[in-house]
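For the sequence shown, counting from 1, position 78 maps to 80 in the numbering used here; every step adds exactly one.
Right, one structure below, let's go through it.
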Amino acid sequence: MGMANFNKNLFVGVGGVEAINLSHFIGAVHGMERMMGRADNPLRRILNYASEHFLQTKLPLWYILTVMGTNASTGDMEIKGFYIGNDIQCYLTACELSLKVNFTMLNKPLGKVVVHLDEDEFHSTW
3 MGMANFNKNL FVGVGGVEAI NLSHFIGAVH GMERMMGRAD NPLRRILNYA
53 SEHFLQTKLP LWYILTVMGT NASTGDMEIK GFYIGNDIQC YLTACELSLK
103 VNFTMLNKPL GKVVVHLDED EFHSTW
């Protein structure tokens, strides 16, 4: 998805497992390395188009978005940003802070990455 929340929660959440799998497929085809941590990507554009043409003109939707991050002193998670809005700008502003708070950007791609998925959190793979 790139960055979580906003209209994804409506379309993918309501769409169920088929929408989840399709969103993962689109991400995989585009390339996860070009998608993760980016507010603008092909899947997000599809969701934004659907939102603009099918939701915003018919429903009074408001989004409440939080950006969570680690407190440097305590190590505890805390709210770093709180955004309320009914358009894409609310989402983009939250994404901008999230990118600063939650991502470490590298100057060049990594050759190989090994990831451990906690079995208590990730029960299955798609």
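Cβ coordinates follow ideal geometry from the N, Cα and C atoms, glycine included.
Keep in mind the model is a prediction, meaning the values are calculated, not measured.
- Taking 9 angstroms as the cut-off, the beta carbon of Ala-41 is found no closer than this to the beta carbon of Met-70.
- Inter-residue distance for Glu-80 and Leu-49 is about 29 angstroms (C-alpha atoms, whole angstroms).
- Looking only at His-118, Phe-124, Tyr-65 and Ser-126, the smallest Cα-Cα distance to Asn-11 is reached by Tyr-65.
- With respect to the 9 angstroms criterion, Ala-96 and Gly-77 are not classified as neighbours on the basis of their beta carbons.
- As for any alpha helix (DSSP H) of minimum length 4 sitting wholly inside the region 5-92, the runs are 9-32, 34-37 and 44-52, ordered along the chain.
- Here the C-alpha atom of Arg-46 lies approximately 14 angstroms from the C-alpha atom of Asp-89.
- CA-to-CA, the gap between Asn-23 and Gly-15 works out to about 11 angstroms.
- With respect to the 9 angstroms criterion, Phe-13 and Ala-21 are classified as neighbours on the basis of their beta carbons.
- A direct Cα-to-Cα measurement between Met-37 and Ser-126 gives close to 22 angstroms.
- In the same chain as Val-103, and ignoring 5 residues on each side of it, the C-beta atoms closer than 7 angstroms to its own belong to Val-69, Gly-71 and Lys-82, in chain order.
- Contact check for Gly-39 and Phe-105: beta-carbon distance about 5 angstroms, within the 8 angstroms limit, so the pair qualifies.
- In the three-state reduction of the DSSP assignment, Lys-110 falls in the coil class, being assigned neither a helical nor a strand state.
- The beta carbon of Gln-58 lies closer than 8 angstroms to those of Asn-88 and Asp-89 in the same chain, with the five residues before and after it left out.
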